[in-house]
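*Asks:*
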Amino acid sequence: MRAALVLGERGIEVREISMPPPPQADEVQVRIRAVALNHIDVWGWRGMAFAKRTLPIVAGAEAAGEVTAVGADVDTHKPGDIVALYGAL
């Protein structure tokens, strides 16, 4: 899969990254169809984010997509559901 990676100040590059593992019991997996950048992404890009992260990081705190898999304990979503998410929480 491809992702926009923040490599450092003023450095963003689209690269192939590995697929995530299957979801844990309380997780859902989402195929991302659209991503939005906002101020938290810019702060991270400049090294100013409230949560310090190790670079590179995947850009895009907000996204929308389709649930592709759910963990054993998830009863609120099912594969095929269309969802929006805010991943900076």
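Residue numbers 2 to 90, in our numbering, belong to the letters of the sequence shown in order. Positions of the beta carbon are idealized from the N, C-alpha and C atoms, including for glycine. No experiment lies behind these values; they were computed from the predicted model shown.
Indicate the three-state DSSP secondary structure (helix, strand or coil) for V71 in the structure shown.
*Replies:* strand
*Asks:* Leaving out five residues before and five after V15 in sequence, what residues of the same chain have Cβ atoms less than 8 Å from its Cβ?
*Replies:* R3, A4, A5 and L6
*Asks:* Three or more C-beta pairs under 8 Å: does that hold for the stretch 74-84 against the stretch 52-62?
*Replies:* no
*Asks:* Under 7 Å Cβ to Cβ from D27, same chain only, skipping five residues before and after it: list those, please.
*Replies:* Its chain contains G72, D74 and V75 as the residues whose beta carbon lies nearer than 7 Å to that of D27, once the 5 sequence neighbours on both sides are disregarded; these appear in chain order.
*Asks:* Residues bridged to E14 by DSSP?
*Replies:* L6
*Asks:* Apply the 10 Å Cβ neighbour rule to A62 and answer buried if 16 or more other Cβ atoms are within range, or exposed otherwise.
*Replies:* buried
*Asks:* Check the DSSP bridge columns for L86 and list the partner residues they point to.
*Replies:* Under DSSP, the beta-bridge partners assigned to L86 are A64.
*Asks:* Within 10 angstroms of its Cβ, does V43 collect 16 or more other Cβ (buried), or is it exposed?
*Replies:* It counts as exposed.
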